[in-house]
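Student:
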Amino acid sequence: MAEAWAASQPRRFTLARIAATGLALLIAGCSTVVPRGHAPTPSQTPSTTQQGPIGPELPSDQERHRIALLVPTTGANAGVGQSIANAVNLAVIDTGGKRIRVTTYDTATGAAAAAQRAISDGNRLILGPLLAEDARAVAPVAQRANVPVISFSNDASVAGRGTYILGYSPVQSIERVVGYAKSRGVVRFAALMPAGTYGERASRAMIHAVENAGGQLVAMQSFDRSRTSLAAAIAKLPKNGYDAIMIADSGRIAIQAVPLIRKGSSASARVLGTELWNTETDLNAAPAMSGAWFASVSDGLYKQLAAKYRARFGSGPYRIASLGYDGVLLVTRIAQNWKVGSAFPVARLNDSGGFAGIDGAFRFDASGQAERMLVVQQVGAGGFTVVSPAPSTFGN
Numbered sequence: 001m002a003e004a005w006a007a008s009q010p011r012r013f014t015l016a017r018i019a020a021t022g023l024a025l026l027i028a029g030c031s032t033v034v035p036r037g038h039a040p041t042p043s044q045t046p047s048t049t050q051q052g053p054i055g056p057e058l059p060s061d062q063e064r065h066r067i068a069l070l071v072p073t074t075g076a077n078a079g080v081g082q083s084i085a086n087a088v089n090l091a092v093i094d095t096g097g098k099r100i101r102v103t104t105y106d107t108a109t110g111a112a113a114a115a116q117r118a119i120s121d122g123n124r125l126i127l128g129p130l131l132a133e134d135a136r137a138v139a140p141v142a143q144r145a146n147v148p149v150i151s152f153s154n155d156a157s158v159a160g161r162g163t164y165i166l167g168y169s170p171v172q173s174i175e176r177v178v179g180y181a182k183s184r185g186v187v188r189f190a191a192l193m194p195a196g197t198y199g200e201r202a203s204r205a206m207i208h209a210v211e212n213a214g215g216q217l218v219a220m221q222s223f224d225r226s227r228t229s230l231a232a233a234i235a236k237l238p239k240n241g242y243d244a245i246m247i248a249d250s251g252r253i254a255i256q257a258v259p260l261i262r263k264g265s266s267a268s269a270r271v272l273g274t275e276l277w278n279t280e281t282d283l284n285a286a287p288a289m290s291g292a293w294f295a296s297v298s299d300g301l302y303k304q305l306a307a308k309y310r311a312r313f314g315s316g317p318y319r320i321a322s323l324g325y326d327g328v329l330l331v332t333r334i335a336q337n338w339k340v341g342s343a344f345p346v347a348r349l350n351d352s353g354g355f356a357g358i359d360g361a362f363r364f365d366a367s368g369q370a371e372r373m374l375v376v377q378q379v380g381a382g383g384f385t386v387v388s389p390a391p392s393t394f395g396n
């Protein structure tokens with residue numbers, strides 16, 4: 001258990017303000033996909049948080065809003081959890097005050113128990129947990145105490161009844177890139193989907209996205225992520241029967257798939273991907289991937305956050321750490337008129353105008369899932385290039 005605190009600010013956190021000040025640093029299955037790729041180098045800089053004693057509940061606090069951060073700080077996902085916790089600490093420092101106290105609880109030893117401890121300590125809001133299965137375990141504990149949960153999961157099935165999902169949605173990513181492709185003349189679509197819950201949801205999203213865009217889905221094949229299964233799925237695709245193909249999996253899988261697609265199925269189809277590609281710089285070194293499109297949150301402000309994180313902690317963050325930073329910005333904005341010691345004003349999470357953060361503008365829809373304004377990026381030898389900026393307003 002570790003702590004940090006910050007004060008509510010009298011100003012409104014708008015997207016324009018964050019963009020103008022360059023990050024807000026100046027003012028301040030589908031289980032969650034734990035980021036792949038290279039883990040940050042172990043930091044040589046001591047963490048700014050210290051583990052608190054495991055003992056009686058925290059003493060009462062009459063001056064600070066209590067927020068619990070539930071992430072794994074031990075076990076297999078400890079690196080991701082600590083990265084989120086570090087980003088939360090940065091946000092607490094950057095918002096510069098003393099009226100919000102964030103206490104970190106380790107979920108690796110039991111998410112439900114961590115939530116119960118957090119509630120017993122008097123926390124009025126839970127940020128986290130990271131994994132969908134942990135969010136399911138935490139939800140009933142938090143519901144009984146009337147404590148809302150803002151999870152970092154991307155699994156829409158855990159949203160609702162006081163649980164909000166802040167993670168990046170593959171459904172929205174697919175909808176965005178398919179819509180962009182249709183606007184560029186793509187009519188006939190094909191898709192390769194991984195087996196499992198993620199692939200099932202991505203498949204449904206692809207069907208709806210193509211239908212909504214006015215396109216035609218001519219083929220969709222699933223595979224189990226083995227090279228043999230991937231090759232067999234590609235062999236079943238119609239030859240030259242589609243203008244674009246969605247590969248709803250990691251960049252590593254896409255790099256394996258595209259040469260086979262070019263050789264046996266379609267030499268000219270545009271390759272499409274999901275938000276999973278946003279952290280996969282190896283894509284830029286693969287000639288076959290040049291020109292591929294994918295939709296994700298913008299990296300503009302994140303790069304500045306990553307630089308500040310690296311300067312403080314001695315290594316770069318996991319990409320998902322920005323969710324922790326944005327969680328603090330969200331709470332800081334809402335806390336402006338929140339009376340210390342009272343229940344969290346959960347109705348304010350439903351602001352249709354949305355919120356601004358490192359990952360751009362977002363708002364929670366009626367189901368409790370974060371709706372985001374996504375950019376479309378193109379893969380190239382020199383890196384990712386934005387070919388379609390994020391919309392300036394929400395759809396409705």
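Those letters in the sequence shown? Residues 1 to 396, by full-length UniProt numbering.
Cβ atoms here follow ideal geometry from the backbone N, Cα and C, with glycine treated the same way.
Note that the structure is predicted; figures quoted are calculated from it, not measured.
Go ahead and pull the three-state DSSP assignment for tyrosine 242.
Tutor: Coil, per DSSP.
Student: Verify whether the separation of the beta carbon atoms of isoleucine 247 and leucine 283 is less than 8 angstroms.
Tutor: no
Student: Whole angstroms are fine: how far does the CA of proline 259 sit from the CA of valine 186?
Tutor: 21 angstroms
Student: Would you tell me roughly how many angstroms separate the C-alpha atoms of alanine 78 and arginine 310, rounded to the nearest one?
Tutor: Put simply, the backbone Cα of alanine 78 is about 18 angstroms away from that of arginine 310.
Student: Could you name the residues of the same chain whose beta carbon sits closer than 6 angstroms to that of proline 391, not counting the 5 residues immediately before and after it, in chain order?
Tutor: Met373
Student: Which class does proline 140 belong to by DSSP, given the choice of helix, strand or coil?
Tutor: helix
Student: Ignoring anything shorter than 3 residues, give me the beta strand (DSSP E) runs that lie fully in the segment 358-390, in order along the chain.
Tutor: 362-364, 370-372, 375-380, 383-388
Student: Which one of Ala137, Tyr180, Ile174 has the shortest CA to CA distance from alanine 159?
Tutor: Ala137
Student: Please report the straight-line C-alpha distance between isoleucine 245 and arginine 262, rounded to a whole angstrom.
Tutor: The straight-line gap separating the alpha-carbon atoms of isoleucine 245 and arginine 262 is approximately 11 angstroms.
Student: Since valine 178 and threonine 163 should fall inside the 8 angstroms C-beta cutoff, what is the C-beta to C-beta distance between them, to a whole number of angstroms?
Tutor: Under the criterion of beta carbons closer than 8 angstroms, valine 178 and threonine 163 do not qualify as touching, at roughly 28 angstroms.
Student: Taking the CB atoms as reference points, tell me whether arginine 277 and glycine 251 lie closer together than 8 angstroms.
Tutor: Here residue 277 turns out to be tryptophan, not arginine, going by the sequence shown. Contact flag set, yes.
Student: Note down the Cα distance separating glycine 128 from phenylalanine 394, rounded to an integer number of angstroms.
Tutor: 25 angstroms
Student: Rank Arg312, Ala321, Met289 by C-alpha distance to the C-alpha of leucine 301 and give the top, closest one.
Tutor: It is Ala321 whose Cα lies nearest to the Cα of leucine 301.
Student: My output table needs one value for methionine 1: the three-state DSSP class, helix, strand or coil.
Tutor: coil
Student: DSSP state of phenylalanine 344, grouped into three classes?
Tutor: coil
Student: From isoleucine 207 to serine 120, what distance separates their C-alpha atoms?
Tutor: In a straight line, the C-alpha of isoleucine 207 is about 45 angstroms away from that of serine 120.
Student: Could one say the Cβ of arginine 161 lies closer than 8 angstroms to chain D's Cβ atoms, at least one of them?
Tutor: Checking the listed chains, one finds no chain D in this structure; it contains a single protein chain.
Student: For valine 376, count the other beta carbons within 10 Å of its own beta carbon; 16 or more makes it buried, fewer makes it exposed. Which is it?
Tutor: buried
Student: From serine 266 to leucine 323, what does the alpha carbon distance come to, in whole angstroms?
Tutor: 38 angstroms
Student: Give the single residue among Leu90, Gly360, Gln336, Thr385 whose Cα lies nearest to the Cα of arginine 99.
Tutor: The residue with the shortest Cα to Cα distance from arginine 99 is Gln336.
Student: In its own chain, which residues sit with a C-beta less than 7 angstroms from the C-beta of serine 31, not counting the 5 before and 5 after it?
Tutor: At serine 31, the pLDDT of 37 sits below 50, so the modelled position is not reliable; the number obtained from the coordinates is stated separately. If we look at serine 31 and ignore the five residues flanking it on each side, its Cβ neighbours are Leu131, Ala132, Glu133, Asp155.
Student: With distances taken Cα to Cα, identify the nearest neighbour of arginine 204 among Gly196, Thr228, Val171.
Tutor: Comparing Cα-Cα distances from arginine 204 to each of Gly196, Thr228, Val171, the minimum goes to Val171.
Student: Roughly how many angstroms lie between the CA atoms of tyrosine 180 and glycine 122, to the nearest whole one?
Tutor: The straight-line gap separating the alpha-carbon atoms of tyrosine 180 and glycine 122 is approximately 46 angstroms.
Student: If I measure Cβ to Cβ from serine 83 and keep anything under 7 angstroms in the same chain, skipping five residues before and after, which residues do I get?
Tutor: Pro40, Pro317, Tyr318, Ala321
Student: Take serine 104 as the anchor and find which of Thr74, Ala286, Thr95, Arg363 has the nearest alpha-carbon.
Tutor: With the sequence shown as reference, residue 104 is identified as threonine, and serine is not the correct amino acid for it. The residue with the shortest Cα to Cα distance from threonine 104 is Thr74.
Student: When the Cα atoms are used, what is the spatial distance from alanine 213 to arginine 201?
Tutor: 18 angstroms
Student: In terms of residues, what are the limits of the beta strand (DSSP E) holding valine 271?
Tutor: Under the DSSP assignment, valine 271 falls in the beta strand (DSSP E) whose first and last residues are 270-273.
Student: Which whole-angstrom value describes the C-beta separation of serine 153 and glutamate 275, a residue pair presumed to lie in contact below a C-beta threshold of 8 angstroms?
Tutor: Actually they do not touch by this definition, with Cβ atoms about 14 angstroms apart.
Student: Alpha carbon to alpha carbon, how far is leucine 349 from leucine 230?
Tutor: Rounded to whole angstroms, leucine 349 to leucine 230 spans 42 angstroms at the Cα level.
Student: Take aspartate 299 and list the residues in its own chain whose beta-carbon comes closer than 8 angstroms to its own, dropping the five residues that flank it on each side.
Tutor: Asn278, Phe384
Student: Can you list, in chain order, the residues of its chain whose CB lies under 6 angstroms from that of leucine 330, leaving out five sequence neighbours each side?
Tutor: Phe355
Student: Taking 8 angstroms as the threshold (C-beta atoms), are leucine 166 and alanine 370 in contact?
Tutor: yes
Student: Which residues mark the beginning and the end of the beta strand (DSSP E) in which valine 71 is found?
Tutor: 65-71
Student: Report all residues from its chain with a CB closer than 8 angstroms to the CB of glycine 291; omit the five preceding and five following residues, and keep chain order.
Tutor: Arg270, Val271, Gln378, Val379, Gly380
Student: Residue ranges of each beta strand (DSSP E) run of no fewer than 3 residues wholly in the segment 136-189, ordered along the chain?
Tutor: Taking only runs of at least 3 residues, the beta strand (DSSP E) segments lying wholly in the segment 136-189 are 149-151, 163-165.
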